[in-house]
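Data block below; observations after.
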Amino acid sequence: MSLSIWQILLVGLLFILLFGRGKIPALMTDLAAGIKSFKHGIKEQEEDEHASIATESKTQNAKKSAETTKPISQPK
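Residue numbers (UniProt numbering): 1 to 76.
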């Protein structure tokens, strides 16, 4: 069962009648702002994860190098 062109036009006409010509651009602007905000939040979260992974690996490398270095012998 597929939609015919008449059904699509009827839905579009009802959409315009319900929301009016002035509200549709405002709705689309709000939708675009929401999508941008969502993408920005995802990007921030990924950056935070990468930063924490980098910090964790630096800490592990520092611990490994501290464990492998030999202590300097004290003069007697």
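Idealized CB from N, CA, C, for every residue including glycine.
Expected contact under 8 Å - CB spacing of residue i and residue j to nearest Å
| i | j | result |
| --- | --- | --- |
| residue 27 | residue 19 | 7 Å |
Spatial distance of residue i from residue j (CA atoms)
| i | j | result |
| --- | --- | --- |
| residue 35 | residue 13 | 26 Å |
| residue 53 | residue 74 | 38 Å |
| residue 41 | residue 23 | 27 Å |
| residue 2 | residue 15 | 20 Å |
| residue 7 | residue 44 | 42 Å |
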